[in-house]
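Visitor:
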Amino acid sequence: MSENARTDWPYPRPEQPPVPKPGDAAHTVNVWLVPNFSMLTLFCLLEPLRVANRFGRELFAWRLLSADGDPVVASNGVRIEVEGVLAEHALGDLLMVISSYEAEVSVTSAERAVLRHVAAHGGRVGGLDTAPFILARAGLLDQHRVALHWESVPAFRAEFPHIAVSEARFEFAGQRLTGSGGAAGIDMMLQWIEHDYGPALANAVGRQLVHQRVSEEEAWKAGAARTLEDLPRSVVRALAVMETHLDQVLSIPEICRLIGQSQRQLTRLFMAHFGETPKQCYLGMRLDYARRLLADSRCRVTEAALTSGFVHLAHFSRVYQARFGERPSATAERGTV
Numbered sequence: 452m453s454e455n456a457r458t459d460w461p462y463p464r465p466e467q468p469p470v471p472k473p474g475d476a477a478h479t480v481n482v483w484l485v486p487n488f489s490m491l492t493l494f495c496l497l498e499p500l501r502v503a504n505r506f507g508r509e510l511f512a513w514r515l516l517s518a519d520g521d522p523v524v525a526s527n528g529v530r531i532e533v534e535g536v537l538a539e540h541a542l543g544d545l546l547m548v549i550s551s552y553e554a555e556v557s558v559t560s561a562e563r564a565v566l567r568h569v570a571a572h573g574g575r576v577g578g579l580d581t582a583p584f585i586l587a588r589a590g591l592l593d594q595h596r597v598a599l600h601w602e603s604v605p606a607f608r609a610e611f612p613h614i615a616v617s618e619a620r621f622e623f624a625g626q627r628l629t630g631s632g633g634a635a636g637i638d639m640m641l642q643w644i645e646h647d648y649g650p651a652l653a654n655a656v657g658r659q660l661v662h663q664r665v666s667e668e669e670a671w672k673a674g675a676a677r678t679l680e681d682l683p684r685s686v687v688r689a690l691a692v693m694e695t696h697l698d699q700v701l702s703i704p705e706i707c708r709l710i711g712q713s714q715r716q717l718t719r720l721f722m723a724h725f726g727e728t729p730k731q732c733y734l735g736m737r738l739d740y741a742r743r744l745l746a747d748s749r750c751r752v753t754e755a756a757l758t759s760g761f762v763h764l765a766h767f768s769r770v771y772q773a774r775f776g777e778r779p780s781a782t783a784e785r786g787t788v
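Letter by letter, the sequence shown follows residues 452 to 788 in this note's numbering.
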């Protein structure tokens with residue numbers, strides 16, 4: 452290894468990274484696993500902490516919890532053993548809630564009370580994927596900007612119209628942490644590492660994970676340029692309808708009927724705020740959805756087209772290439788965007 456490489460890699464690499472027990476590390480993260488939680492989100496949350504211990508010292512410990520102390524089955528069917536009961540081990544440096552499908556089904560008022568107890572005692576509370584619903588229902592997200600999985604945004608806006616939804620992949624400020632789940636957990640933890648231990652360690656961890664950190668500009672570009680509070684209510688409602696009908700496409704007149712707005716007025720508002728007609732914006736949302744499907748899964752081009760509301764494959768390929776400069780098959784083969 453060259454001298455230049457050495458100066459860019461300031462941390463030792465022990466063969467076996469330490470996995471300290473709660474109480475033996477500088478920070479302890481308690482992770483409440485809600486049934487049907489996202490396994491990917493759990494791994495992306497914990498792996499940066501494990502690697503930080505490898506390069507630094509015993510910085511982070513974690514404890515997996517469930518509501519009753521029993522194992523929890525993830526959304527992929529894998530059964531995960533836990534180390535304790537939520538009510539008995541919730542206090543720590545951070546209580547992170549991880550959920551996915553049907554987050555509200557198994558959560559009781561007693562568990563929401565535990566979250567409020569942690570917050571009342573100055574604890575930092577976070578939620579990934581659909582977990583912000585759980586935090587919001589516990590009354591912990593008022594006056595906070597919230598990031599969550601994009602599929603859940605329309606429903607969250609409808610249930611909590613007073614809470615500002617961020618367009619960033621994660622929000623890490625003060626005592627509340629929220630994020631969209633998946634790889635966003637890596638970026639959230641890297642920001643925590645950088646805040647407490649500096650950018651050199653955070654960058655070393657990111658390199659070890661073969662992860663390109665999301666820049667502040669990328670994470671905030673949409674929210675910094677235009678927040679939901681700046682948009683007319685009819686535009687927000689139209690976007691919510693579009694987001695919930697990406698596979699079964701509605702006509703613009705039907706969307707206008709649902710939101711109680713004339714098509715002429717809605718078009719004027721979309722042009723003023725986005726520089727696009729509602730139809731153009733709707734098409735872009737469906738194409739963006741198709742691109743995520745092709746990049747983040749093993750979805751075939753035909754399946755991605757149908758799932759994003761395109762009946763004719765030739766038309767899908769043409770508009771996709773016009774938007775992204777490549778054929779859908781190229782995105783699928785590369786597997787990333």
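Cβ atoms here follow ideal geometry from the backbone N, Cα and C, with glycine treated the same way.
Quick one: any contact between the region 728-738 and the region 692-702, if contact means 3 or more CB pairs under 8 Å?
Guide: With the cut-off at 8 Å, the region 728-738 and the region 692-702 touch.
Visitor: Quick one: what does DSSP say residue 477 is sitting in, helix, strand or coil?
Guide: Coil.
Visitor: For a test of the three-state rule: what should DSSP assign to residue 718, helix, strand or coil?
Guide: Helix at residue 718.
Visitor: Mind checking which residues open and close the alpha helix (DSSP H) that includes residue 577?
Guide: That residue, residue 577, is in no alpha helix (DSSP H); its beta strand (DSSP E) goes 576-579.
Visitor: If we call anything under 8 Å between Cβ atoms a contact, is residue 637 one with residue 503?
Guide: No, the Cβ-Cβ distance between residue 637 and residue 503 is not below 8 Å.
Visitor: With a CB to CB cut of under 6 Å and the five nearest residues on each side skipped, what residues in its chain are close to residue 470?
Guide: Nothing meets the Cβ criterion.
Visitor: Round the Cβ separation of residue 819 and residue 660 to the nearest angstrom and send it over; I've been treating them as touching at under 8 Å.
Guide: Because residue 819 is not part of the residues shown, which for the chain are 452 to 788, the question remains open.
Visitor: Quick check: residue 514 and residue 534, are their CB atoms within less than 8 Å of each other?
Guide: A contact, by the Cβ cut-off of 8 Å.
Visitor: Under DSSP, the beta strand (DSSP E) around residue 635 begins and ends at which residues?
Guide: Counting along the chain, residue 635 falls outside any beta strand (DSSP E), though it belongs to the alpha helix (DSSP H) covering 635-648.
Visitor: By a C-beta neighbour count over all protein chains shown, 10 Å radius and 16 as the cutoff for buried, is residue 519 buried or exposed?
Guide: Under this definition residue 519 is an exposed residue.
Visitor: Residue 780: buried (16+ other C-beta within 10 angstroms of its C-beta) or exposed?
Guide: Classification of residue 780: exposed, given that the 10 Å Cβ count is below 16.
Visitor: Compute the Euclidean distance between the alpha carbons of residue 525 and residue 486, then round it to the nearest angstrom.
Guide: If I take the Cα positions, the gap works out to 6 Å.
Visitor: Residue 517 by DSSP, collapsed to three states: which one?
Guide: Reduced to three states, the DSSP call for residue 517 is strand.
Visitor: Using a C-beta cutoff of 8 Å, does residue 696 count as contacting chain C?
Guide: No chain C is present in this structure, which holds just one protein chain.
Visitor: Under the rule that 16 or more other beta-carbon atoms within 10 Å means buried, what is residue 773, buried or exposed?
Guide: Exposed, by the Cβ-count rule.
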